[in-house]
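Chains as they are written, first to last, in the working numbering: chain A, 10 to 102; chain B, 53 to 651.
I have placed the structure first, in the form of structure tokens, so that the comments after it can refer back to it.
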């Protein structure tokens with residue numbers, strides 16, 4: 010399987026695209042929040058936070074939805090600040 | 053380049069409830085099944101279905117499949133095919149029991165039986181008292197079903213191609229479908245999947261409208277593939293809109309908000325529903341409220357800088373009532389609109405929710421299209437099920453609780469019919485290299501650095517330069533010209549604009565030509581699909597000169613059974629329309645003649 014970076018201009022663009030596709034979900038609500046977060050908040054995360062976000066994307070849709078809507082809290086404390094940021098991402102000016 | 057090839061008995065495109073239920077029937081029969089999905093299967097849009105599944109189990113109130121059938125025929129505004137509706141309502145009962153045996157955690161009564169809740173449009177005794185017909189697994193029925201089906205398929209060794217995007221169907225000279233060309237998103241490499249039978253189960257297409265409750269993945273891929281293979285789409289003018297989506301976002305705000313006393317105001321602060329529905333006001337039917345909102349905006353009485361939404365007020369209800377009766381609404385408004393509804397009204401606009409139309413099938417899930425003398429000739433080897441298909445059980449409007457039912461019943465029916473088809477047609481047909489070349493050319497098209505005009509006519513110089521920009525322009529045109537408010541003027545202008553957008557797409561080229569995880573290329577392919585489907589919707593809506601179910605034309609305000617009791621068929625070639633009769637004869641019972649639809 011070819012894994013060359015092709016004609017991509019930016020380094021790391023491939024990982025970014027992969028992440029962008031992982032933000033495609035079964036629920037519009039998650040699409041909206043994850044897409045906005047990825048664009049405006051993700052670039053300023055630290056490397057460990059970025060890894061936590063990648064892990065967060067592996068969760069099931071209804072679980073993510075419950076956490077974001079505040080119906081339940083994530084067991085993993087590393088997810089809490091990310092969930093908080095997701096809740097805020099669209100409300101920002 | 054040698055194209056890798058794989059062979060299966062059946063190829064299923066789409067891994068939502070319809071695709072996975074079909075796959076399960078097949079894998080259980082020992083057939084080799086491939087399921088292709090552009091996202092991980094449990095991220096299919098079925099996961100978002102909260103409502104439930106209708107089945108006349110009579111666990112809470114008396115019920116029969118025949119009453120369920122009556123409600124569905126009436127809900128369809130008499131455009132549904134009554135044989136398919138009878139079949140669906142009968143099959144609903146074993147389908148729900150099947151799910152129960154699969155481990156779907158349905159909510160229960162104290163007696164241990166499945167709990168059933170009442171939904172709008174459900175009646176006992178053919179239009180009598182309210183029925184209770186909807187089985188639900190709390191508020192996550194879709195997720196519970198999808199999860200159970202996925203686990204069962206893993207156990208049954210269904211072969212999943214996750215994150216593969218289907219490019220086009222392959223057909224031979226006799227019209228038989230031979231499989232599909234697909235693209236592995238990760239590697240960017242094409243793969244030919246040859247199959248004796250192919251099932252399209254790609255779900256809906258709500259993303260064609262700017263404001264939609266549908267997930268990003270709902271781009272009508274399977275519908276567009278059918279169009280490109282020469283198969284028409286049926287009844288595409290019938291699209292269900294929910295009146296209150298969060299403006300600019302699409303997230304649905306439940307009707308319950310108005311039920312609890314919330315009301316709509318325009319830019320002048322007026323409670324405008326009083327003018328449109330003096331008695332029911334904000335609680336009028338979905339279509340009435342949706343049309344009133346759009347009319348206010350079109351006449352310049354919208355809110356905000358662009359005057360492109362109205363406001364839903366709940367602040368007068370008080371914080372306590374909002375917290376106790378409308379939990380979730382406050383959070384939703386905060387998260388998605390950045391406002392607190394206790395203090396400020398919520399900006400809303402009608403949101404596109406469900407496509408009644410789709411790929412025409414019979415009640416066995418077989419795709420049927422006009423050929424020779426017949427209006428419904430089976431396309432050999434091709435099946436469709438779920439929101440992308442049109443069986444047609446929803447006709448001009450769908451009842452709540454019938455969409456999960458549709459995907460499960462017809463997914464299963466298609467699976468069963470495929471087993472029989474393969475018994476009679478046990479061999480792969482030879483691949484059509486011409487058809488394959490055509491499918492590959494679609495892929496190569498987006499690999500070009502500079503676009504050359506292709507096909508007939510020159511590509512217009514692009515006004516917009518990116519797929520994203522053109523997508524947003526396209527979705528706005530669909531919303532403004534083929535959405536809730538439809539007249540000859542809006543629709544004919546819309547069709548013209550869509551033709552121009554179709555030409556503009558041919559002038560755009562992608563900057564990113566890498567193969568690996570090239571999302572921009574997938575989005576270009578999706579936009580092509582959306583434009584094909586959008587054209588089907590607008591053209592069919594322009595053609596239907598009556599108002600029926602979800603399709604409303606102020607310039608033809610009445611339902612016209614004499615001229616329009618027929619299904620529309622849109623063909624991509626020359627944007628042509630044909631019509632075929634409604635199947636008003638059920639399988640075993642008497643048919644329900646059209647009556648005025650009042651609730």
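Glycine is no exception: its CB is placed at the ideal position from the N, C-alpha and C atoms.
Opposing strand residues paired with residue 469 of chain B [DSSP bridges]: Along the second chain, read from residue 1 onward, the residue named residue 469 of chain B stands at position 417. Answer is none; residue 469 of chain B lacks a bridge partner.
Three-state class that DSSP yields for residue 508 of chain B in the structure shown: One-based indexing of the second chain puts residue 508 of chain B at position 456. The predicted model places residue 508 of chain B with a pLDDT of 49, which falls under 50 and marks its position as unreliable, so this point remains unresolved.
Cβ-based burial, residue 683 of chain B [other Cβ within 10 Å; buried from 16]: In the structure as shown, chain B begins at 53 and stops at 651. Residue 683 of chain B is therefore absent and cannot be evaluated.
Residues sharing a beta bridge with residue 426 of chain B, DSSP: The residue given as residue 426 of chain B occupies position 374 in the second chain. Residue 426 of chain B is bridged to B:423.
Three-state secondary structure assigned by DSSP to residue 141 of chain B: As a first step, residue 141 of chain B is located in the second chain; it is residue number 89 there, counting from the start. Residue 141 of chain B falls in the helix class under three-state DSSP.
Beta strand (DSSP E) segment containing residue 281 of chain B, residue limits: Counting from one through the second chain, the residue named residue 281 of chain B turns up at place 229. Run containing residue 281 of chain B: none; DSSP gives neither H nor E here.
Contacting positions in the region 33-52 of chain A - beta carbon closer than 7 Å to chain B: Result list: 33, 34, 35, 36, 37, 38, 40, 41.
For residue 231 of chain B, three-class secondary structure by DSSP: Within the second chain, residue 231 of chain B is the residue found at index 179, counting from 1. Here residue 231 of chain B sits in strand by DSSP.
When B:158, B:66, B:310 are compared against residue 334 of chain B, the one with the closest alpha-carbon: Position 282 of the second chain holds residue 334 of chain B. Residue 334 of chain B has its Cα closest to that of B:310, out of B:158, B:66, B:310.
Proximity to residue 170 of chain B [Cα-Cα], best of B:109, B:156, B:486: Within the second chain, residue 170 of chain B is the residue found at index 118, counting from 1. Here the closest residue by C-alpha is B:109.
Local conformation of residue 195 of chain B per DSSP, three classes: For the purposes of this step, residue 195 of chain B is taken as the residue at position 143 of the second chain. Per DSSP, reduced to three states, the secondary structure at residue 195 of chain B is helical.
Supposed contact pair residue 237 of chain B and residue 217 of chain B - C-beta distance, whole angstroms, cut 8 Å: Here residue 217 of chain B corresponds to residue number 165 of the second chain, with the count starting at 1. Here residue 237 of chain B corresponds to residue number 185 of the second chain, with the count starting at 1. Contact flag correct, Cβ pair sits at about 6 Å.
Chain B contacts made by the region 50-78 of chain A, where a contact means CB separation under 8 Å: 69, 70, 71, 77, 78
Residue 194 of chain B burial status per 10 Å Cβ neighbour count (16 or more: buried): Within the second chain, residue 194 of chain B is the residue found at index 142, counting from 1. Under this definition residue 194 of chain B is a buried residue.
Short CB-CB distance (under 8 Å) between residue 569 of chain B and chain D: The structure shown contains no chain D; its protein chains are A and B.
Contact residues within the region 92-107 of chain B, judged by C-beta distance below 8 Å to chain A: Under the 8 Å Cβ criterion, the region 92-107 of chain B contributes 94, 95, 96, 97, 98, 99, 100.
Environment of residue 460 of chain B [buried if 16+ CB atoms lie within 10 Å]: As a first step, residue 460 of chain B must be located in the second chain, where it is residue number 408. The residue is buried, with at least 16 neighbouring Cβ atoms inside 10 Å.
Interfacial residues, the region 83-100 of chain A to chain B, with Cβ spacing under 7 Å: 96, 99, 100
Cβ-Cβ distance between residue 635 of chain B and residue 134 of chain B below 8 Å: Start at 1 with the first residue of the second chain, and residue 635 of chain B comes out as number 583. Start at 1 with the first residue of the second chain, and residue 134 of chain B comes out as number 82. Contact flag set, yes.
Residue 509 of chain B, buried or exposed, once every other Cβ within 10 Å from all chains shown has been counted against 16: Indexing the second chain from 1 puts residue 509 of chain B at position 457. Its pLDDT being 49, under 50, residue 509 of chain B is placed unreliably in this model, and the value from its coordinates should be taken loosely. Exposed.
Within 8 Å of chain A by C-beta, residues of the region 302-331 of chain B in sequence order: Correct list: 302, 303.
Beta-carbon contacts of residue 12 of chain A that lie in its chain and below 6 Å, excluding the five residues immediately before and after: One-based indexing of the first chain puts residue 12 of chain A at position 3. Confidence is the limiting factor: at residue 12 of chain A the pLDDT is only 31, short of 50, which leaves the residue's position unreliable, though a coordinate-based value still follows. Correct list: empty, nothing qualifies.
Minimum Cβ-Cβ distance from residue 509 of chain B to chain A less than 8 Å: Here the question's residue 509 of chain B lines up with position 457 in the second chain. Reliability of the predicted coordinates at residue 509 of chain B is poor, the pLDDT of 49 falling under 50, and the value obtained from them is presented with this limitation in mind. Chain A, which has no Cβ nearer than 8 Å to the Cβ of residue 509 of chain B, makes this no.
Residue 498 of chain B to residue 240 of chain B span [Cα, whole Å]: Locating residue 498 of chain B in the second chain gives position 446, counting from the first residue. Locating residue 240 of chain B in the second chain gives position 188, counting from the first residue. Approximately 12 Å, taken between the alpha carbons.
Segments assigned beta strand (DSSP E), at least 3 residues, entirely inside the region 336-418 of chain B: 362-365, 398-407
Where the beta strand (DSSP E) through residue 292 of chain B begins and ends: Translated into positions along the second chain, residue 292 of chain B becomes position 240. Run containing residue 292 of chain B: 291-298, per the beta strand (DSSP E) assignment.
Beta carbon proximity, residue 195 of chain B to chain A, threshold 8 Å: Counted from its first residue, the second chain places residue 195 of chain B at position 143. At least one chain A Cβ lies under 8 Å of residue 195 of chain B.
Residue from B:606, B:107, B:271, B:382 with nearest C-alpha to residue 37 of chain A: Working through the first chain from its first residue, we reach residue 37 of chain A at position 28. Of the candidates B:606, B:107, B:271, B:382, the one whose C-alpha sits nearest the C-alpha of residue 37 of chain A is B:271.
Cβ pair residue 60 of chain B, residue 245 of chain B closer than 8 Å: The count along the second chain starts at 1 and reaches residue 60 of chain B at position 8. The count along the second chain starts at 1 and reaches residue 245 of chain B at position 193. Yes; because the gap between Cβ atoms is below 8 Å, this pair is in contact.
Continuous beta strand (DSSP E) stretch holding residue 58 of chain B: start and end: By one-based count along the second chain, residue 58 of chain B stands at place 6. It spans 57-65 - the beta strand (DSSP E) in which residue 58 of chain B sits, taken as one unbroken run.
Chain A within 8 Å of residue 454 of chain B, Cβ atoms only: Residue mapping note: residue 454 of chain B aligns to position 402 of the second chain, counting from 1. Among the CB atoms of chain A, none fall inside 8 Å of the CB of residue 454 of chain B.
Distance, residue 381 of chain B Cα to residue 375 of chain B Cα: Taking the second chain and counting its residues from 1, the one referred to as residue 375 of chain B is at position 323. Taking the second chain and counting its residues from 1, the one referred to as residue 381 of chain B is at position 329. If I take the Cα positions, the gap works out to 9 Å.
Simplified DSSP assignment, three categories, for residue 598 of chain B: The sequence position of residue 598 of chain B within the second chain is 546, counting from 1. The answer is coil: DSSP assigns residue 598 of chain B none of H, G, I, E or B.
Selection of the region 160-179 of chain B by Cβ proximity to chain A, strictly under 9 Å: Identification of residues in the region 160-179 of chain B having a C-beta nearer than 9 Å to some C-beta of chain A yields an empty set.
Opening and closing residue of the beta strand (DSSP E) in which residue 210 of chain B lies: Here residue 210 of chain B is taken as the residue at index 158 of the second chain, counted from 1. That residue, residue 210 of chain B, is in no beta strand (DSSP E); it is neither H nor E in DSSP.
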